Structures are given as structure tokens and as C-alpha cells.
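Structure record follows, encoded as C-alpha cells.
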Amino acid sequence: MTPNFDKIHNRFRLNGKHYTFDDLKEVAYSFIKEGLPFEKEIGDFLSHWLDNSNYILAKTSGSTGQPKTIKLHKQAMVNSAIATGDFFKLQPGNSALLCLPATYIAGKMMLVRALVLGLEIDSVQPTTNPIFDPEKHYDFVAMIPAQAEKTLHRLSNIKTLIIGGAPLSNPLRLKLENLKTGVFETYGMTETITHIALKQLKSNGPQYFNILPNITISQNNKACLVIDAPLLTKDQIVTNDVVKLHSKTTFEWLGRADHVINSGGVKLFPEQIEAKLQSKIKSRFFITSEEDKTFGSVSILVIEAENTSLDTHVFSSLTPIETPKSIYAIPAFAETSSGKVNRHETLKLLKK
Numbered sequence: 018m019t020p021n022f023d024k025i026h027n028r029f030r031l032n033g034k035h036y037t038f039d040d041l042k043e044v045a046y047s048f049i050k051e052g053l054p055f056e057k058e059i060g061d062f063l064s065h066w067l068d069n070s071n072y073i074l075a076k077t078s079g080s081t082g083q084p085k086t087i088k089l090h091k092q093a094m095v096n097s098a099i100a101t102g103d104f105f106k107l108q109p110g111n112s113a114l115l116c117l118p119a120t121y122i123a124g125k126m127m128l129v130r131a132l133v134l135g136l137e138i139d140s141v142q143p144t145t146n147p148i149f150d151p152e153k154h155y156d157f158v159a160m161i162p163a164q165a166e167k168t169l170h171r172l173s174n175i176k177t178l179i180i181g182g183a184p185l186s187n188p189l190r191l192k193l194e195n196l197k198t199g200v201f202e203t204y205g206m207t208e209t210i211t212h213i214a215l216k217q218l219k220s221n222g223p224q225y226f227n228i229l230p231n232i233t234i235s236q237n238n239k240a241c242l243v244i245d246a247p248l249l250t251k252d253q254i255v256t257n258d259v260v261k262l263h264s265k266t267t268f269e270w271l272g273r274a275d276h277v278i279n280s281g282g283v284k285l286f287p288e289q290i291e292a293k294l295q296s297k298i299k300s301r302f303f304i305t306s307e308e309d310k311t312f313g314s315v316s317i318l319v320i321e322a323e324n325t326s327l328d329t330h331v332f333s334s335l336t337p338i339e340t341p342k343s344i345y346a347i348p349a350f351a352e353t354s355s356g357k358v359n360r361h362e363t364l365k366l367l368k369k
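Residue numbering for the sequence shown follows the working numbering, starting at 18 and increasing by one per position.
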């Protein structure tokens, strides 16, 4: 029987204490009135979760357009939590760590999983270098790549770590593959109530995303991923992500359709080029395109720096057609509200 959103599991713990439904309302109020900024965010979410409405409001990240606020049904969030619990075989009493802000869906869902599955969750300030007890065992933790990078030496006592919110660099991926921790890259968005697919990082064999229970995937005529998740949303979700389907339940992510560069009839995926350059360029950068009389479009590199001086060996791993034909420097990239690089707004800065 599926739990209802207005029930709190009797094994749920927040920072070591169990709370009833009414107790948790008081905790939320206390966090909002007296807590640190990150605790106010937790209190605000809990307050909305415990109110009489059947939905909450969540912000999209703005990484693929203007950030917006959308309604998410609480029961759909419960269903998402159960799917994650089933995938990882999480049990009541398992320990979890909340080190992501409760403003966005990833942080909200860590709390929902704890409430629904009966996890014992600790909350810490959600910085890029979160401070937590490296000697304490955690069964389940979610981080962004920057946090995993900064806490690499403290991850050994985590059983399962999921990472999302931004692409993983190849150097970090290699480091994570060597941990005894089970590390999974996530695929999802606010509209799908965080991840609908997971990919375990391992040093051998194919690494494809595996979909969660009760999800169906397909492709449209642009090779973009189409998601049917009736327990999460009644609407079919047509993404802008170009994928290669390997089975009914697995896929390989290639890149964003709106980023694809058609250079002389060859499709280039900027994300794949960027992955090859991650370990060679220390500053933030991205690959995009500009018009070319011969090829139609060619790749270019935009770097967050004062000048365009780069060693030519940086591009040694690229094919001639992948190699950027121009380099542009911008002292400071434009960002989305969640701190991601806003490519569209950054490119506008080039034209000023």
C-alpha cells in the first residue's frame, strides 16, 4: 500500500530526533523564525509540506531557459521517493545526509524520502564544501559535483552517493570510480521530481542510464528523449536531450539538441567536446558555434578569463572538426539563479 503524503513514517528522524506530524509543524516554525538561512529554507519547505494543500511550489533551475515556478503534487513526490527507495533498497532506519539547499527540488526530495521511507536524516549547511562527520556511516547522500570534489577524502563512509545538478568532469568521474562508495550519476529535472534514471560509475563495462520503476522512455523524430511517468506527472515530457536508446530501460545521453553544431554535415555535441577538455582547462568554459562560409557552422570556445591565451596542446585530444576555430574570453560568465553557467546570456556579453 502506497503511503499518503500526510503521514510521517515512525522511523523518521531529523538530526537525531523523531517528530510527529504536529511536532514537525513546530520545528518548521522554529526554523523559519530562529534558524540559520539554510534552516529557514528547510522550515519553509516543511511548513508547506505539512499544510492542507496537495501540492508544493518548486523552482526550475533555469539551465535551459528562464527559471520558473511550477506546481508539484505531493503524492507524486511520495511516488518518486518510493521509486528511489526501491531502486536502492533503502530500509526504514537507514541514515541519510541533507547537504543540498531545500529551496530546490533535490534538497526537498531528500527530506521527502526521509519522511516517507523512515530515514534518519542529518542536515548541514549546503556549501560547496559541506561539513559533516567523516566517521559517521551514511547509507544515502545526494551531492552536486562540486561538493563531491571538495569532500572526496571524506566519502568512504557513504554507502550510496547520487550526484546531479551539473555535468561530471572526466577527472572527477575517474576519482569517484575508484571509491568503495557506490556512486550514481542522476538524470532528471524539476518537472520529473528529480531523477528518473541513474547511472552507476564503474571502471569497466558500458555506463548507461537505467530508468526507475514505472517509467517508460522513447524518442521523438529529433532523437530526443521522451518520458512517460504517470505516477509523477500526467503529462508526457518531451526533453531537449539527444539520447541513444540501448534497451527499453537504458539510454546513453549525447547532449542538448539546442547545443548541437552541424559543421559540414557532421553533428558535434558540445558536451562531449567539453568532457575531453575538462582536465586541461582550469577556468570555466563552454563550447558553442558561430557561422562559417565553408562549413555552415564551426565550434568555438568561450572561456571565463581575461585573455584567450591557451596552449595548443589543450586541443590534442580533439579531432580537427571538433577543434574550436576561435577562442573568446569573458571576465565573468552570466549565471542562472542556481549558479549554473547561462550560455545564452553569456554569449550576449560577447556582442557588447
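Just so it is clear, CB atoms sit at the ideal spot from N, CA and C, and this is done for glycine as well. On a predicted model such as this, the values are computed, not experimentally measured, just so you know.
According to DSSP, residue i sits in a beta bridge with which residue or residues?
{"i": "residue 17", "result": "Because residue 17 is not part of the residues shown, which for the chain are 18 to 369, the question remains open."}
{"i": "residue 139", "result": "114"}
{"i": "residue 279", "result": "284"}
{"i": "residue 309", "result": "313"}
{"i": "residue 75", "result": "87"}
{"i": "residue 295", "result": "None; residue 295 has no bridge partner."}
{"i": "residue 273", "result": "258"}
{"i": "residue 34", "result": "31"}
{"i": "residue 319", "result": "303 and 345"}
Is it true that the CB of residue j sits closer than 8 angstroms to the CB of residue i?
{"i": "residue 313", "j": "residue 343", "result": "no"}
{"i": "residue 286", "j": "residue 225", "result": "no"}
{"i": "residue 351", "j": "residue 366", "result": "yes"}
{"i": "residue 88", "j": "residue 107", "result": "no"}
{"i": "residue 319", "j": "residue 307", "result": "no"}
{"i": "residue 360", "j": "residue 311", "result": "no"}
{"i": "residue 331", "j": "residue 298", "result": "yes"}
{"i": "residue 99", "j": "residue 19", "result": "yes"}
{"i": "residue 256", "j": "residue 228", "result": "no"}
So is residue i buried or exposed if we call it buried at 16+ other beta carbons inside 10 Å?
{"i": "residue 328", "result": "exposed"}
{"i": "residue 348", "result": "exposed"}
{"i": "residue 242", "result": "buried"}
{"i": "residue 221", "result": "exposed"}
{"i": "residue 40", "result": "exposed"}
{"i": "residue 164", "result": "buried"}
{"i": "residue 155", "result": "buried"}
{"i": "residue 137", "result": "buried"}
{"i": "residue 149", "result": "buried"}
{"i": "residue 105", "result": "buried"}
{"i": "residue 324", "result": "exposed"}
{"i": "residue 260", "result": "buried"}
{"i": "residue 58", "result": "buried"}
Please state whether DSSP places residue i in a helix, a strand or coil.
{"i": "residue 55", "result": "helix"}
{"i": "residue 256", "result": "strand"}
{"i": "residue 225", "result": "coil"}
{"i": "residue 289", "result": "helix"}
{"i": "residue 81", "result": "With a pLDDT of 45 at residue 81, under the threshold of 50, the modelled position of that residue is not reliable, and the figure given next carries that caveat. DSSP places residue 81 in coil when its eight states are reduced to three."}
{"i": "residue 245", "result": "strand"}
{"i": "residue 104", "result": "helix"}
{"i": "residue 212", "result": "strand"}
{"i": "residue 268", "result": "strand"}
{"i": "residue 235", "result": "strand"}
{"i": "residue 352", "result": "strand"}
Do the region 137-147 and the region 83-94 touch if we need at least three Cβ pairs shorter than 8 angstroms? no
Give a yes or no on contact between the region 182-202 and the region 228-246, applying the rule of three or more CB pairs nearer than 8 angstroms. no
Given 8 angstroms, three or more beta-carbon pairs between the region 151-166 and the region 174-186: yes
Touching by the beta-carbon criterion (3+ pairs, under 8 angstroms), the region 113-128 and the region 43-50: no
Would the region 244-256 and the region 210-219 be scored as touching if the rule is three or more Cβ pairs under 8 angstroms? yes
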